[in-house]
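Numbering (UniProt numbering), first residue to last: 1 to 517.
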């Protein structure tokens, strides 16, 4: 009787132990299976029999434990051959060695990766499987990101680096090697000295000095220097880096950028700027000639012609008198032409800086200067209250004088000139755009007359230098007045436009930045 009780207690203990072990195994985050080999007639392992598998398999692969127990392993899941699990299981059983590998399974079209291990246990093997699908997904994403970064570095001609100040090693991206003429990274870890050997001999000393100084005070690095690549190609490299602390160490992290093309373009631009300066110098010399050497003999010609006209006009015949009048008219046009050319060329060469000016005062001064012409034509000139702007006073006077003077000049016979100057404020933005004007607030000035007008197709042409729509015998002028107006307005960061119809007058519209712009 005592022996029966002891046996029942022993059986109870075994059942409790088995139940505890099963509960413990089922609570694991890993799949755990026990497999025993199945031999063929030649005493070779042809399969394994699933003797145990915990319930974790049901969560990962949606397989039922009750269906797997007692099943042949390969018959239940042939993937174990393709992914190497079967061969690793046989090797573990034969050698007794622990085998680690990374198999992939597909369950209902879903890809699942495992970190797997085989461990020999008595006559069979224990199969441990840890689901690492998320890690594999992150790994793949990281791989894609690295490829995109590498491609972006290649397109942008850049590379990245990390310099470990403690041990002196450099971690370089692949594109750094390519910038130096290598298709593959160095066989050994690069050091600062192994990279600095590519620096041009004329730059190496100061590059080393800057790196030494920034290393001591941990200042930001931003330098451009020349390198000679493995294929003897000369390149300009810009390096930008920042120092970052890391435990008991510092790292310099930054980028290499190939700026050879930018440097070459800058050199071309500098050469063109030098050429432009020479041209401007020649133009200044021309201005001096025009203002002195040309004007002085012209003044003498006008003086002697004037004396000749006064002294001999009563003794000259009609034909000779006509010749003399043409000479006087031609010299006057030449004087106006030289004067206007000088005005046009000097608009951007200012000694006076822009200041706040009142356009009402500008208009009053111009009307006073044009007073004689206004009286002769009995012209009517009316204007809205005009704003204050930032500008150069004498240029604004010239602008108003040229525009109003044009309106008085280009009039049909027997027509009384009427000129209206309208003012309004406009805002230029994404919805209300005006070509050539940046966003902001502008003053809009409209000079409206009742003159002979012009064909609207010439609205742009009339602002070009030396462009005339009428013969010099019809209306006097040099063809520079409106070109000067355009240059003055553009020098004030504005624009000028013109619209008209033949015989219906013209409208010249000037846009100038407001003080609040």
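Backbone N, C-alpha and C define an ideal beta-carbon position, used for all residues, glycine too.
Bear in mind the structure is a predicted one, so any value in this text is a computation, not a measurement.
Backbone CA spacing between residue i and residue j [nearest angstrom]
{"i": "residue 160", "j": "residue 116", "result": "36 Å"}
{"i": "residue 504", "j": "residue 384", "result": "22 Å"}
{"i": "residue 468", "j": "residue 398", "result": "Any reading at residue 468 must be qualified, since the residue scores a pLDDT of 49, below 50, and its modelled position is unreliable; the value itself is stated next. Their backbone Cα atoms lie some 19 Å apart in a straight line."}
{"i": "residue 112", "j": "residue 199", "result": "50 Å"}
{"i": "residue 520", "j": "residue 387", "result": "Nothing about residue 520 can be read from this structure; the chain reaches only from 1 to 517."}
{"i": "residue 499", "j": "residue 506", "result": "6 Å"}
{"i": "residue 166", "j": "residue 229", "result": "27 Å"}
{"i": "residue 78", "j": "residue 174", "result": "41 Å"}
{"i": "residue 566", "j": "residue 191", "result": "No answer is possible for residue 566: the residues shown for the chain start at 1 and end at 517."}
{"i": "residue 525", "j": "residue 103", "result": "Residue numbering for the chain in the displayed model covers 1 to 517; residue 525 lies beyond these limits and cannot be assessed."}
{"i": "residue 461", "j": "residue 450", "result": "21 Å"}
{"i": "residue 394", "j": "residue 442", "result": "21 Å"}
{"i": "residue 43", "j": "residue 83", "result": "24 Å"}
{"i": "residue 70", "j": "residue 105", "result": "21 Å"}
{"i": "residue 9", "j": "residue 124", "result": "In this prediction, residue 9 has a pLDDT of 44, which is less than 50 and means its spatial position is unreliable; nothing more can be read from the coordinates."}
{"i": "residue 211", "j": "residue 243", "result": "11 Å"}
{"i": "residue 330", "j": "residue 296", "result": "16 Å"}
{"i": "residue 497", "j": "residue 396", "result": "16 Å"}
{"i": "residue 60", "j": "residue 238", "result": "52 Å"}
{"i": "residue 122", "j": "residue 133", "result": "31 Å"}
{"i": "residue 438", "j": "residue 428", "result": "7 Å"}
{"i": "residue 162", "j": "residue 29", "result": "38 Å"}
{"i": "residue 412", "j": "residue 376", "result": "15 Å"}
{"i": "residue 280", "j": "residue 513", "result": "28 Å"}
{"i": "residue 367", "j": "residue 493", "result": "25 Å"}
{"i": "residue 327", "j": "residue 316", "result": "14 Å"}
Backbone secondary structure at residue i - three-state DSSP
{"i": "residue 309", "result": "helix"}
{"i": "residue 441", "result": "strand"}
{"i": "residue 495", "result": "strand"}
{"i": "residue 370", "result": "coil"}
{"i": "residue 481", "result": "helix"}
{"i": "residue 474", "result": "Legend: pLDDT at residue 474 = 45, less than 50; position of this residue unreliable, value from coordinates given subsequently. In the structure shown, residue 474 sits in coil (DSSP, three-state: anything other than H, G, I, E or B)."}
{"i": "residue 298", "result": "helix"}
{"i": "residue 119", "result": "strand"}
{"i": "residue 182", "result": "coil"}
{"i": "residue 95", "result": "helix"}
{"i": "residue 259", "result": "coil"}
{"i": "residue 74", "result": "helix"}
{"i": "residue 285", "result": "helix"}
{"i": "residue 460", "result": "coil"}
{"i": "residue 268", "result": "helix"}
{"i": "residue 43", "result": "coil"}
{"i": "residue 69", "result": "coil"}
{"i": "residue 157", "result": "coil"}
Test item: CB-CB of residue i and residue j under 8 Å
{"i": "residue 567", "j": "residue 157", "result": "Residue 567 lies beyond the residue range present for the chain, which begins at 1 and ends at 517; the question has no answer from this structure."}
{"i": "residue 263", "j": "residue 254", "result": "no"}
{"i": "residue 68", "j": "residue 53", "result": "yes"}
{"i": "residue 447", "j": "residue 421", "result": "yes"}
{"i": "residue 118", "j": "residue 88", "result": "yes"}
{"i": "residue 434", "j": "residue 511", "result": "yes"}
{"i": "residue 418", "j": "residue 378", "result": "no"}
{"i": "residue 126", "j": "residue 34", "result": "yes"}
{"i": "residue 404", "j": "residue 381", "result": "yes"}
{"i": "residue 362", "j": "residue 400", "result": "yes"}
{"i": "residue 390", "j": "residue 455", "result": "no"}
{"i": "residue 235", "j": "residue 203", "result": "no"}
{"i": "residue 181", "j": "residue 231", "result": "yes"}
{"i": "residue 107", "j": "residue 130", "result": "no"}
{"i": "residue 256", "j": "residue 179", "result": "yes"}
{"i": "residue 495", "j": "residue 436", "result": "yes"}
{"i": "residue 402", "j": "residue 485", "result": "yes"}
{"i": "residue 313", "j": "residue 321", "result": "yes"}
Residues bridged to residue i (per DSSP)
{"i": "residue 171", "result": "162"}
{"i": "residue 242", "result": "253"}
{"i": "residue 52", "result": "34"}
{"i": "residue 356", "result": "390"}
{"i": "residue 130", "result": "115"}
{"i": "residue 104", "result": "113"}
{"i": "residue 512", "result": "443"}
{"i": "residue 505", "result": "DSSP lists no partner for residue 505."}
{"i": "residue 191", "result": "169"}
{"i": "residue 500", "result": "506"}
{"i": "residue 328", "result": "Answer is none; residue 328 lacks a bridge partner."}
{"i": "residue 199", "result": "227"}
Within-8 Å CB hit, residue i to chain C
{"i": "residue 29", "result": "Considering every chain present, this structure includes no chain C. It has just one protein chain."}
Residue i: CB within 7 Å of a non-hydrogen atom of the ligand FAD
{"i": "residue 359", "result": "Of the ligands one can find in the structure shown there are none, so the ligand FAD has no counterpart to examine."}
* Where are the beta strand (DSSP E) runs, 3 residues long or more, that stay fully inside the segment 377-458, in chain order? -> 380-383, 388-391, 418-428, 440-449
* Contained alpha helix (DSSP H) runs [length at least 4] in the segment 201-238, N- to C-terminal order -> 204-217
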